[in-house]
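Undergrad: This is the structure I want to talk about, given as structure tokens.
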Amino acid sequence: MSEAGVRDPTKEAFQELVLAELPALYSLARRLVRDGAEDLVQEALLQAFRGFATLKEDAAAGRWLKTILVNVFRDQLRKRSRTVDERPMGDLDDFSLYRTLVDEDPFPYSDTLHLDFLQGFDSEDLREVLIRLPDIYRIPLVLRYMDGFATKEIARLMDAPLGTILARLHRGRRLLEREMWTYAQEAGLLTKERAEDE
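Count along the sequence shown from 1, add 68, and you get the number used in the numbering used here.
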């Protein structure tokens, strides 16, 4: 125990390190869970503090903390459900966002259909679409494309073969496209943009 007025250097160093990484951790947690991001971050920080001595260099702290957060999330998933929500590819193989945009033509006279469509989404819209995806597709997508993890790292984190992760990324991208289209229709993003252009 430290004397009055003297801080524990380990605790102080941990707090300093965490404060710099907290926004990124919270952002990742919000993309992984609909509600309970604060609880997920708190549990991850508790585990990180317990293993703080194992961190070799401060420069790796962000990746180290994100890895712990993903592991905590994965453990919570295991406790919650033993079944994997695999989706058959059948109808996903038939859906193409590009073909749908061309066929539906929500932006007449546009030379940049994809960009016009994507610009209608703000960060909350994208978060809502991501949350709709099954965990087995959402987690690899978030880790790969939003947090920059390599596919081999994701395979290790999720304790799955690399080929499985690559397949989930492919299916996840296809499912994300379809969910974005569905969400845009439900949220009126296509009509809003059309009204703004007129």
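All C-beta atoms, glycine included, are put in the ideal place defined by N, C-alpha and C.
Short of 8 Å in beta carbon distance, which residues of its chain neighbour LYS220, apart from the five on each side in sequence? Order them along the chain.
TA: LEU230
Undergrad: Can you tell me whether DSSP reads GLU125 as helix, strand or coil?
TA: coil
Undergrad: What residue does the alpha helix (DSSP H) around VAL109 start on, and which one ends it?
TA: 105-118
Undergrad: Can you list, in chain order, the residues of its chain with a C-beta nearer than 7 Å to that of LEU85? Leave out the 5 residues immediately preceding and following it.
TA: ASP126, ALA129
Undergrad: Could you tell me the alpha carbon to alpha carbon distance between LEU237 and LEU183, rounded to whole angstroms?
TA: 22 Å
Undergrad: Among TYR205, GLU196, ASP227, which one has its Cα closest to the Cα of ALA255?
TA: GLU196
Undergrad: Do ILE204 and LEU100 come within 8 Å of each other at the CB atom, strictly closer than that value?
TA: no
Undergrad: Whose C-beta lies closer than 8 Å to the C-beta of LEU201 among residues of the same chain, with five residues either side of it excluded?
TA: Here the set comprises LEU209, GLY240, LEU243, LEU244, GLU247.
Undergrad: Report the residue from TYR166, ASP215, THR78 whose alpha carbon sits nearest the alpha carbon of ALA116.
TA: THR78
Undergrad: Return the Cβ separation of GLU111 and VAL138 in integer angstroms, given the expectation that the two are a contact with Cβ distance under 8 Å.
TA: About 12 Å separates the two Cβ atoms, so there is no contact after all.
Undergrad: Within 10 angstroms of the Cβ of VAL109, are there 16 or more other Cβ atoms? Answer buried if so, exposed if not.
TA: buried
Undergrad: Could you check where the alpha helix (DSSP H) with GLY231 kicks off and where it finishes?
TA: 230-255
Undergrad: By alpha-carbon positions, which one of GLU192, ASP227, MET214, MET226 ends up nearest to TYR251?
TA: Put simply, of GLU192, ASP227, MET214, MET226 the residue whose alpha carbon is nearest the alpha carbon of TYR251 is GLU192.
Undergrad: Going by the CB atoms, is the gap between ALA97 and ALA105 shorter than 8 Å?
TA: yes
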